[in-house]
Amino acid sequence: MIIVMKIGTPEAEIDNLCNDLTNNWGLSPEKIVGRYKVVIGLVGDTADLDPLQLQEMSSWIEQVLRVERPYKRASLEFRHGEASEVVVSTPDGPVSFGHDHPLVVVAGPCSVENEEMIIETAERVKAAGAKFLRGGAYKPRTSPYSFQGHGESALGLLAAAKEKTGLGVITELMDAADLPKLTEVADVVQIGARNMHNFSLLKKVGAQDKPVLLKRGISATIEEWLMAAEYILAAGNPNVILCERGIRTFDRQYARNTLDLSAIPVLRSLTHLPIMIDPSHGTGRAEYVPAMAMAAIAAGTDSLMIEVHPNPAKALSDGPQSLMPDKFDQLMQEMAVIGQTMKRWPQPQPALV
Ligand code: PEP
Ligand code: MN
183 MIIVMKIGTP
193 EAEIDNLCND
203 LTNNWGLSPE
213 KIVGRYKVVI
223 GLVGDTADLD
233 PLQLQEMSSW
243 IEQVLRVERP
253 YKRASLEFRH
263 GEASEVVVST
273 PDGPVSFGHD
283 HPLVVVAGPC
293 SVENEEMIIE
303 TAERVKAAGA
313 KFLRGGAYKP
323 RTSPYSFQGH
333 GESALGLLAA
343 AKEKTGLGVI
353 TELMDAADLP
363 KLTEVADVVQ
373 IGARNMHNFS
383 LLKKVGAQDK
393 PVLLKRGISA
403 TIEEWLMAAE
413 YILAAGNPNV
423 ILCERGIRTF
433 DRQYARNTLD
443 LSAIPVLRSL
453 THLPIMIDPS
463 HGTGRAEYVP
473 AMAMAAIAAG
483 TDSLMIEVHP
493 NPAKALSDGP
503 QSLMPDKFDQ
513 LMQEMAVIGQ
523 TMKRWPQPQP
533 ALV
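Take any residue in the sequence shown, count from 1 to its spot, add 182: that is its number in the numbering used here.
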C-alpha cells in the first residue's frame, strides 16, 4: 500500500504521520522522496487495512493506493510512477543509472586473466567512453573443469586497473563469504544469472551498502526476476539495477541465448528500477553485439554491458562474444549517434583550459 502526499506537504507532517503509522498502527512506513511528491510505502500485512481510514489521518494525504503486484518495493506504483536513480561512487565521481540520466556503458573482459590484459582493456574502454570496468574474479562456469577465475588475486588486479583509470568496477559475487573482500574493490556487486534464484545470497547483498546489478536468470520470467530484486530491496538495499542477458532459447545454432529486448518496455511499465542490457551474453557472438547494443539503446535501455578483450582468440572465457578494443571504439561511435537521437548520450566534457 502507498500513501501519496500532496505537493508541498511540510516535512514535519510527514514525520508525524510516519510516527503515527509506526506507533499506533504497528506498521513500518518507508518515506520515498520523489522529484515532485513524497510517497509513504507500507509493506507487510496490509490486507486488512482500510484505505479510507488511512486517508483520514491527515488532510495532506492525496491518495491511498494498494500495490496489487507481488513485488511491492520494486513496482512502479511504489514510487508512484517515478523512475529511480542508482548513484554509484567511482574514483572519477558519481555515476547515475536511471531513466532520466545519460546512458552508462560498462565494458571489459569476461574474466580477469592477468595484470597486463586488465590494465590494457581498462585503458582502452575508458578512452572510448565507458564509465565502468567489468571483469570476473569468480566465474560461474557450466563445467567444473573450465577456468574458474583467479579469485582473490583477480580482485587485486581490478583494484589496480581502477586506480590507474578512475573507472568504477563491477564484478560478480558467487559466495557470500567473499562479500567483504569483493566490496573492497567493487563499486557494484554483480549477481549472475545462475544465482538470481539464490535467495540467501540476495538477502546478503541486500543487507550491505554497495549497489547490486541483478542479472536475469537463464529461464526466469519477468515476475521471478522482479521478485528476486524484491529480496534485495526488502533486505534494505534500495540500489538495484536489472540486467537482461538473454534467456534460454530452443535454437542455439546461431545465438547462445535470445536477448529479450522486449524486457525493456515491459520493465519500464512494471518497475522504477534502472535497466541494463548485456548483448554479449545475450547473443554469444561478437559479430551480433553491435546490432543488439544499438537496438537496446533505441528501445530505451539505461545502460549496456559489453565484453571487450584485447585478444579474444586467446580468452580464457567467452572469447567468441568479446569485442576487440578497436571494434569497441567503433561501436561507441555508432552508439553515440543513436544515443544522441534518444537524448541519452553523455555530453562530451568541455576541454580544460
Ligand atoms: C558475466 O557477466 O560474467 C556472466 C557470467 O554473466 P551471466 O551471469 O549473465 O551468465
Ligand atoms: Mn562472460
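For every residue, glycine included, the Cβ atom is placed at its ideal position computed from N, Cα and C. Fair warning: this is a prediction, and the values are worked out from it, not measured in the lab.
State yes or no: is the C-beta of T191 within less than 8 Å of the C-beta of W242?
Here residue 191 is taken as the residue at index 9 of the sequence shown, counted from 1. Here residue 242 is taken as the residue at index 60 of the sequence shown, counted from 1. In this structure, the beta-carbon distance from T191 to W242 falls below 8 Å.
Helix, strand or coil: how does DSSP classify P507 here?
Indexing the sequence shown from 1 puts residue 507 at position 325. In the three-state reduction of the DSSP assignment, P507 falls in the helix class.
Are the region 233–249 and the region 427–442 touching by the rule of at least three beta carbon pairs closer than 8 Å?
These segments do not touch.
Could you check whether the region 507–518 touches the region 470–489, counting it as contact only if at least three pairs of C-beta atoms, one from each stretch, sit closer than 8 Å?
Because the criterion of three Cβ pairs below 8 Å is met, the region 507–518 and the region 470–489 touch.
Roughly how far, in whole angstroms, is the beta-carbon of P461 from the beta-carbon of S485, given that I think they are within contact range, below 8 Å?
As a working mapping, residue 461 is identified with position 279 in the sequence shown. As a working mapping, residue 485 is identified with position 303 in the sequence shown. Not really, about 12 Å apart at Cβ, beyond 8 Å.
Which residues have their C-beta within less than 6 Å of a heavy atom of the ligand MN, listed in chain order?
Residues with a Cβ closer than 6 Å to any heavy atom of the ligand MN, in chain order: C292, H463, E489, S499, D500.
Say yes only if the C-beta of E406 is nearer than 7 Å to one or more non-hydrogen atoms of the ligand PEP, and no if none qualify.
Here residue 406 refers to the residue found at position 224 of the sequence shown. Every heavy atom of the ligand PEP is 7 Å or more from the Cβ of E406, so no.
For the ligand PEP, I want to know if D460 counts as a neighbour, meaning its beta carbon is within less than 7 Å of at least one of the ligand's heavy atoms.
Position 278 of the sequence shown, counted from the start, is the residue given in the question as residue 460. Indeed, a heavy atom of the ligand PEP lies less than 7 Å from the Cβ.
Any non-hydrogen atom of the ligand PEP within 7 Å of R376 CB:
Here residue 376 is taken as the residue at index 194 of the sequence shown, counted from 1. For R376, the Cβ falls inside the 7 Å cut-off from some heavy atom of the ligand PEP.
M378 and A410 look like a contact to me (Cβ under 8 Å); what is the Cβ gap, rounded to whole Å?
Taking the sequence shown and counting its residues from 1, one reaches residue 378 at position 196. Taking the sequence shown and counting its residues from 1, one reaches residue 410 at position 228. Rounded, the Cβ-Cβ distance is 5 Å, consistent with contact.
Among G226, S328, L339, P420, nearest to A497 - alpha-carbon criterion:
Mapped onto the sequence shown, residue 497 falls at position 315. Per the C-alpha coordinates, the member of G226, S328, L339, P420 positioned closest to A497 is S328.
Would you kindly report the start and end of the unbroken beta strand (DSSP E) that includes E212?
In the sequence shown, the residue the question calls residue 212 occupies position 30. For E212, the uninterrupted beta strand (DSSP E) segment begins and ends at 211–215.
Around the Cβ of A194, are there at least 16 other Cβ atoms within 10 angstroms (buried) or fewer (exposed)?
Here residue 194 corresponds to residue number 12 of the sequence shown, with the count starting at 1. Looking at its Cβ environment, which holds fewer than 16 other Cβ atoms inside 10 Å, A194 is exposed.
Could I get the ranges of all uninterrupted alpha helix (DSSP H) runs contained in the region 354–430, with 4 residues as the minimum, in chain order?
The region 354–430 contains these whole alpha helix (DSSP H) runs: 361–367, 381–388, 404–416.
So, are the CB atoms of A544 and D511 less than 8 Å apart?
Look at the range of the chain in this structure, 183 to 535, and you will see that residue 544 is not part of it.
Please tell me whether P259 and I184 are closer than 8 Å, where the distance is taken between their beta carbons.
Position 77 of the sequence shown, counting from 1, holds the residue named residue 259. Position 2 of the sequence shown, counting from 1, holds the residue named residue 184. The question names Pro, yet the displayed sequence has Glu at residue 259. Yes, they are a contact pair.
May I ask you to check if the CB of G318 is nearer than 7 Å to at least one heavy atom of the ligand PEP?
In the sequence shown, the residue the question calls residue 318 occupies position 136. Flag set: Cβ of G318 near the ligand PEP.
Is C322 near the ligand PEP, going by C-beta to nearest heavy atom under 7 Å?
The count along the sequence shown starts at 1 and reaches residue 322 at position 140. Correcting the residue identity first, residue 322 is Pro in this sequence and not Cys. Yes - the ligand PEP has a heavy atom lying nearer than 7 Å to the Cβ of P322.
Which whole-angstrom value describes the C-beta separation of Q390 and N419, a residue pair presumed to lie in contact below a C-beta threshold of 8 Å?
Position 208 of the sequence shown, counting from 1, holds the residue named residue 390. Position 237 of the sequence shown, counting from 1, holds the residue named residue 419. Yes, they are in contact, since the Cβ atoms of Q390 and N419 sit about 7 Å apart, within 8 Å.
Nearest-angstrom Cα separation, counted from R306 out to A375:
Here residue 375 is taken as the residue at index 193 of the sequence shown, counted from 1. Here residue 306 is taken as the residue at index 124 of the sequence shown, counted from 1. Straight-line measurement puts the Cα of R306 at about 27 Å from the Cα of A375.
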